[in-house]
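Going left to right, the sequence shown walks through residues 226 to 521 as this note's numbering numbers them.
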Amino acid sequence: MTRPCLPPLAAHTAPAFAVPPLACDSHAHVFGPYARHPLAQDRSYTPDEFPADAFIAHLDRLGLARGVLVTGSASGLDNGAVLEALQKYPARLRGVAVPSPATSDADLDRWHEAGIRGVRVNLFQRDGHAVYRNGVGLDVLEALAPRLARRGWHAQVWIHAPDLPAQAERLLRLGLPLVVDHMGRMATARGVDDPGFAHLCRMLERGEAWTKISGADRNTAGRQDYADVDAFARALLQANPARVVWGSDWPHINYYDSAQMPDDGALLNLLARWLPNAQERERVLVHNPAVLYGFD
């Protein structure tokens, strides 16, 4: 049994810049209602219920029009909570699902109609072991790749950047757009010259991958202002600003110390530090996610 995660902060810092119309939070999760969409019995964390309406309230508080929901590992292979949210708010939301070896063409068609535009694989390891249970690996993705390509979907890859060089060739053979989560989940102590992070930057430069400049709160060495993350975000933006989206990672699962819980407004305001130019922020918040997730 895992202990319950803390909920996100009830109040947050106001956005410090004019959030552009149609701005998108490109990485978040929903959970529940548990009466319809229970958590997996075997899971790595236990979040509170945060269904579609809670996420829409989060978007509205930040002045964001759109959002992208990713099935969290605590839900296992059940994408029901995400699909329910997409069906309730079709104009505002898109999704990324977790597939299984049994995922059929009928499933993919149903998901696509609901607003799913990619699938997530979990290659994130620590000391050779998966950090989160219920992850789907590359073998499942390789089997599905031709069918995903026909639908114009992408592969979202949860991987530690130092592990990326060993997997990059196999990932590129999929023939799918690749999206690397959370800036490659780079511990800032490794520095921007880390070979894995440099490899991620080169993949962006060549147009081989996208990334989400999200997870500053997880990548930091502990600074509350996340200043040690700045060099990493700026390096990715410099590598290819047309292949970067931003996400909050709401509702911030796996936090158990309220002093460490991130402030969503402060996370959004990092964009003003990383991209002082309003047009460049608009590209990351509006134009790039519209392309990647197929918003109208």
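Just so you know, even glycine gets a beta-carbon here, dropped at the ideal spot from N, CA and C.
Quick caveat: nothing in here was measured; it's all calculated off a predicted structure.
Just how far apart, CA to CA, sit residue i and residue j?
| i | j | result |
| --- | --- | --- |
| R468 | V323 | 22 angstroms |
| D285 | C426 | 32 angstroms |
| A380 | R448 | 31 angstroms |
| T436 | H407 | 7 angstroms |
| S439 | A306 | 22 angstroms |
| P514 | L492 | 18 angstroms |
| G377 | A464 | 24 angstroms |
| D364 | F242 | 43 angstroms |
| F275 | V382 | 23 angstroms |
| K313 | D521 | 17 angstroms |
Give me, in chain order, the residues of the same chain whose beta-carbon lies closer than 8 angstroms to that of residue i; leave out the 5 immediate sequence neighbours on both sides.
| i | result |
| --- | --- |
| D419 | A386, P387 and M411 |
| P245 | A503, R506, E507, L510 and V511 |
Quick one, which of the options has its alpha-carbon nearest residue i's?
| i | options | result |
| --- | --- | --- |
| D453 | A484, R415, A464 and V470 | R415 |
| A253 | P263, L318, G362 and G400 | L318 |
| G288 | P476, V295, G490 and R342 | G490 |
| R268 | L389, D303 and D364 | D303 |
| G519 | H337, P272, A243 and D330 | H337 |
| A290 | Q266, A248 and E274 | A248 |
| G472 | R498, H237 and S251 | S251 |
| V293 | A339, A393 and E394 | A339 |
| L369 | S325, A434, F280 and N347 | S325 |
| D278 | P263, V361 and P315 | P315 |
Using a Cβ-Cβ cutoff of less than 7 angstroms, which residues in the same chain neighbour residue i once the five nearest sequence positions on both sides are dropped?
| i | result |
| --- | --- |
| Y270 | T227, C230, A299, I478 and N479 |
| E367 | L399 |
| M486 | L231, P233, L234, H477 and Y480 |
| T238 | D488, G490, A491 and N494 |
| P258 | E274 and P276 |
Measure how close the beta-carbons of residue i and residue j come, nearest whole angstrom, since I'm counting them as under 8 angstroms.
| i | j | result |
| --- | --- | --- |
| L373 | L401 | 6 angstroms |
| R342 | V295 | Their Cβ separation, rounded to whole angstroms, is 11 angstroms, which puts R342 and V295 out of contact at 8 angstroms. |
| L396 | G409 | No, L396 and G409 are not in contact; Cβ-Cβ is about 13 angstroms, not under 8 angstroms. |
DSSP state of residue i, grouped into three classes?
| i | result |
| --- | --- |
| R345 | strand |
| W471 | coil |
| S439 | coil |
| D406 | helix |
| A265 | coil |
Would you say residue i lies against chain B (beta-carbon separation less than 8 angstroms)?
| i | result |
| --- | --- |
| A279 | This model lacks chain B altogether; it includes just one protein chain. |
Just to confirm my understanding: we take residue i, look at its own chain, exclude 5 residues before and 5 after, and list those with CB closer than 6 angstroms. What are they?
| i | result |
| --- | --- |
| G297 | H254 |
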